[in-house]
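Residues 1 to 406 in UniProt numbering are what the sequence shown spells out, letter by letter.
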Amino acid sequence: MASNDLNTVQDPPQWNSEPMFQLPSWGEPLIVFSILVASMIVTRRKGFRILGKKKTSYDSLLDEPTSPHSSDELLCYDADSDEGLLGISKHYPKRRRCCGTVVRTPNTSRFASNIHSRILMKFPFLIEMFYWIITYIFYRLTKIVSTKIFSKIGIWDVAMENGVRLLEIEEESWLRIFFPLTEHNVQAWFMNGHQVLLTVLNRFYALVHIPGTVGFIAWYYYVAPSHNTFATARRTLTLTNLFAFVTFTFYPCMPPRLLPKEYGFLDTVRHDNAQSIWMSGDYVNSLAAMPSMHFGYSFVIGCVLLYHSGIFRRTLEKGETRMSRAWQIWYLFLAVAYPLSILITIVATANHYWLDAVVAVFVAFLAFLCNKIFIALLPLEDLLLWALRLEKPTPSTGERYRNERM
1 MASNDLNTVQ
11 DPPQWNSEPM
21 FQLPSWGEPL
31 IVFSILVASM
41 IVTRRKGFRI
51 LGKKKTSYDS
61 LLDEPTSPHS
71 SDELLCYDAD
81 SDEGLLGISK
91 HYPKRRRCCG
101 TVVRTPNTSR
111 FASNIHSRIL
121 MKFPFLIEMF
131 YWIITYIFYR
141 LTKIVSTKIF
151 SKIGIWDVAM
161 ENGVRLLEIE
171 EESWLRIFFP
181 LTEHNVQAWF
191 MNGHQVLLTV
201 LNRFYALVHI
211 PGTVGFIAWY
221 YYVAPSHNTF
231 ATARRTLTLT
241 NLFAFVTFTF
251 YPCMPPRLLP
261 KEYGFLDTVR
271 HDNAQSIWMS
281 GDYVNSLAAM
291 PSMHFGYSFV
301 IGCVLLYHSG
311 IFRRTLEKGE
321 TRMSRAWQIW
331 YLFLAVAYPL
341 SILITIVATA
351 NHYWLDAVVA
361 VFVAFLAFLC
371 NKIFIALLPL
381 EDLLLWALRL
391 EKPTPSTGER
401 YRNERM
């Protein structure tokens with residue numbers, strides 16, 4: 001039982017279960033690599049040959065109505081030989097709407113015939129992979145920056161103080177009425193006669209975050225009715241990440257499992273050899289409990305699944321057809337079961353507090369409301385593509401709906 005004295009306990013739980021089988025170090029990377037390769041193949045542009053010709057176009061939300069397309073056509077000429085009026089007439093600058101003004105950026109369609117542009121046009125999902133790698137790098141940097149900020153007072157002590165404060169808020173403030181079950185109660189239930197289930201949750205926690213999210217992004221890239229719909233979900237996930245990264249940096253928070261033993265939590269993750277390879281190493285921020293990215297991701301994914309089911313939508317997007325009742329019930333079940341299973345997992349394994357999940361929901365909502373902020377970065381993307389002599393591929397999302405209408 002937790003006391004009122006800083007939530008300490010008299011008798012910490014004992015772990016009697018044998019450690020679960022651990023994947024080899026190459027296991028998780030192989031899973032992610034397999035998902036990405038399969039995604040590239042499934043979402044490839046059918047009928048397009050890397051060494052052939054294909055006309056295509058892609059309009060951005062920031063493009064002016066009369067702006068030249070980034071990919072009006074895949075031209076078969078040497079871009080370096082463009083000189084004089086001929087080159088200028090073929091590639092007028094793009095006009096992007098940004099912050100209430102129109103910005104002119106380079107038109108990269110002159111690079112459409114470059115081999116790396118055509119590879120991306122064949123496998124447009126590679127663009128999504130590129131931006132998620134950048135996001136992962138930002139996560140890795142949070143530990144470095146946070147350590148620098150709290151170098152004088154000690155980040156470990158600050159994180160422990162923040163973690164204990166969360167326990168006090170949940171168990172001793174007026175907010176305790178919203179948390180009838182404490183984190184101790186949840187872990188104790190699994191420790192007393194249900195340790196096998198806890199070993200399963202440990203492995204689930206390790207494997208679901210990166211491979212599961214990558215799999216979801218790939219799946220929705222393929223099944224979303226339009227790229228705008230997919231992009232909204234992707235931008236929301238990305239902005240949820242960035243909001244969480246800022247919080248990690250300036251508000252380090254120790255997860256329950258890393259608190260001193262007198263607080264009564266057992267670090268089942270380390271005992272069970274369930275540490276994900278993506279969450280290990282010198283640059284992993286282990287003091288990043290608040291908010292829970294695991295639950296934030298699962299909440300967004302659950303909302304997307306609910307939207308995709310069409311249950312609460314009176315009108316569907318162009319090309320969509322109403323799902324059967326059985327499929328709607330299936331997606332509704334997944335939309336509820338997945339976030340709920342993640343919530344139980346992060347608390348039972350003492351990786352997060354209840355408040356971590358609550359804040360993650362608010363962060364996800366804020367990210368959804370502000371997700372279009374990324375559109376303002378398209379001019380920078382144009383400049384990057386110009387520097388790389390690369391034409392942005394037309395997304396293949398929604399292509400199967402368009403093909404069915406033809």
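Cβ atoms here follow ideal geometry from the backbone N, Cα and C, with glycine treated the same way.
Candidates the options, of which the one nearest residue i by Cα
{"i": "Leu-305", "options": "Ile-127, Glu-381, Asn-162, Met-323", "result": "Met-323"}
{"i": "Lys-46", "options": "Val-208, Lys-122, Tyr-131", "result": "Lys-122"}
{"i": "Ala-364", "options": "Cys-303, Thr-315, Leu-390, Arg-313", "result": "Cys-303"}
{"i": "His-352", "options": "Pro-124, Asn-162, Phe-48", "result": "Asn-162"}
{"i": "Thr-349", "options": "Leu-266, Glu-168, Leu-334, Phe-299", "result": "Leu-266"}
{"i": "Leu-385", "options": "Arg-49, Ser-109, His-227, Trp-189", "result": "Ser-109"}
{"i": "Met-129", "options": "Tyr-263, Met-40, Val-359", "result": "Met-40"}
{"i": "Ala-112", "options": "Leu-167, Arg-389, Ser-396, Thr-397", "result": "Arg-389"}
{"i": "Gln-328", "options": "Gly-310, Ile-375, Glu-317", "result": "Gly-310"}
{"i": "Pro-252", "options": "Thr-142, Arg-95, Glu-391, Glu-168", "result": "Thr-142"}
{"i": "Ile-144", "options": "Val-196, Val-246, Ser-396", "result": "Val-246"}
{"i": "Glu-262", "options": "Ala-326, Met-160, Leu-377, Ser-146", "result": "Met-160"}
Burial state of residue i (16 or more Cβ within 10 Å)
{"i": "Ser-117", "result": "buried"}
{"i": "residue 458", "result": "For residue 458 there is no data in the structure shown, the boundaries of the chain being 1 and 406."}
{"i": "Thr-199", "result": "buried"}
{"i": "Ala-38", "result": "exposed"}
{"i": "Glu-183", "result": "buried"}
{"i": "Gly-100", "result": "exposed"}
{"i": "Tyr-139", "result": "buried"}
{"i": "Leu-259", "result": "buried"}
{"i": "Lys-148", "result": "exposed"}
{"i": "Pro-180", "result": "exposed"}
{"i": "Trp-132", "result": "buried"}
{"i": "Thr-397", "result": "buried"}
{"i": "Ala-193", "result": "Reading the sequence as shown, one finds Gly at residue 193 and not Ala. Exposed."}
{"i": "Val-164", "result": "buried"}
{"i": "Tyr-92", "result": "exposed"}
{"i": "Asp-382", "result": "buried"}
{"i": "Asn-241", "result": "buried"}
Three-state secondary structure (DSSP) of residue i
{"i": "Leu-105", "result": "According to the sequence shown, residue 105 is Thr rather than Leu. Strand, per DSSP."}
{"i": "Arg-96", "result": "strand"}
{"i": "Asp-323", "result": "According to the sequence provided, residue 323 is Met. The question's Asp does not apply to it. In this structure, Met-323 counts as coil in the three-state DSSP scheme."}
{"i": "Asn-114", "result": "coil"}
{"i": "Gly-398", "result": "coil"}
{"i": "Asn-371", "result": "helix"}
{"i": "Arg-165", "result": "helix"}
{"i": "Ile-27", "result": "According to the sequence provided, residue 27 is Gly. The question's Ile does not apply to it. Here Gly-27 sits in helix by DSSP."}
{"i": "Arg-176", "result": "helix"}
{"i": "Glu-171", "result": "helix"}
{"i": "Trp-386", "result": "helix"}
{"i": "Ile-311", "result": "coil"}
{"i": "Leu-316", "result": "coil"}
{"i": "Glu-128", "result": "helix"}
{"i": "Pro-339", "result": "helix"}
{"i": "Ser-81", "result": "Low confidence applies to Ser-81: its pLDDT is 35, below 50, so where it sits in the model is not reliable, and the reading given next is rough at best. Three-state result, Ser-81: helix."}
{"i": "Gly-331", "result": "First, the amino acid is wrong: residue 331 is Tyr here, not Gly. Of the three classes helix, strand and coil, the one that applies to Tyr-331 here is helix, per DSSP."}
{"i": "Ile-50", "result": "coil"}
{"i": "Leu-377", "result": "helix"}
{"i": "Ala-159", "result": "helix"}
{"i": "Leu-355", "result": "helix"}
{"i": "Thr-43", "result": "coil"}
{"i": "residue 491", "result": "As shown, the chain starts at 1 and ends at 406. That puts residue 491 outside it, with no answer to give."}
{"i": "Thr-147", "result": "helix"}
{"i": "Ile-137", "result": "helix"}
{"i": "Ser-71", "result": "Its pLDDT being 40, under 50, Ser-71 is placed unreliably in this model, and the coordinates cannot settle the point."}
{"i": "Leu-181", "result": "coil"}
Integer Cβ distance of residue i from residue j, believed to fall under 8 Å
{"i": "Leu-287", "j": "Ile-155", "result": "6 Å"}
{"i": "Ser-125", "j": "Thr-238", "result": "In the sequence as presented, Ser is not what sits at residue 125; that position holds Phe. With a Cβ gap of about 16 Å, Phe-125 and Thr-238 do not count as contacting."}
Min CB distance residue i to chain D below 8 Å
{"i": "Gly-100", "result": "The structure shown contains no chain D; it is built from a single protein chain."}
Exercise. Could you tell me which uninterrupted alpha helix (DSSP H) segments, each at least 4 residues in length, are contained entirely in the UniProt domain "Inositolphosphotransferase Aur1/Ipt1" (183-309), listed from first to last along the chain?
Key: If one requires a minimum length of 4 residues, the alpha helix (DSSP H) runs lying completely within the UniProt domain "Inositolphosphotransferase Aur1/Ipt1" (183-309) are 183-191, 195-207, 213-223, 227-250, 268-271, 293-309, in chain order.
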